[in-house]
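As structure tokens, the structure follows; a few thoughts come after it.
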């Protein structure tokens, strides 16, 4: 669950001159499998060549190793 303080921090964030990657992915187990959304994730990340490779790696690692798969969607911001 997202806390109000977390939302306020996102609203106040200033990436200065840096790019911010905003990533939204449906992972509803009623309509997709884990393997399917991981493939979608990789394809989406590959379609954004100007995104930092380290950011892409961190996002993939989070989905593979840290995400607990309790929600129906994922929102990720990286800068």
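Numbering (the working numbering), first residue to last: 1001 to 1079.
The beta-carbon is built from N, C-alpha and C at its ideal position, and this holds for glycine as well.
Residue range of the alpha helix (DSSP H) that includes residue i
{"i": "residue 1011", "result": "1004 to 1012"}
{"i": "residue 1059", "result": "1053 to 1061"}
In DSSP terms, what residue i is bridged to
{"i": "residue 1045", "result": "DSSP output for residue 1045 lists no bridge partner at all."}
{"i": "residue 1075", "result": "1024"}
Spatially closest choice to residue i from the options, by CA coordinates
{"i": "residue 1071", "options": "1051, 1063 and 1077", "result": "1063"}
{"i": "residue 1034", "options": "1060, 1006 and 1078", "result": "1060"}
{"i": "residue 1075", "options": "1018, 1004 and 1026", "result": "1026"}
The ligand MN heavy atom lying under 6 Å from the CB of residue i
{"i": "residue 1075", "result": "In the structure shown, the ligand MN is absent, as is every other ligand, since no ligand is present at all."}
Three-state secondary structure assigned by DSSP to residue i
{"i": "residue 1088", "result": "Because residue 1088 is not part of the residues shown, which for the chain are 1001 to 1079, the question remains open."}
{"i": "residue 1040", "result": "helix"}
{"i": "residue 1034", "result": "helix"}
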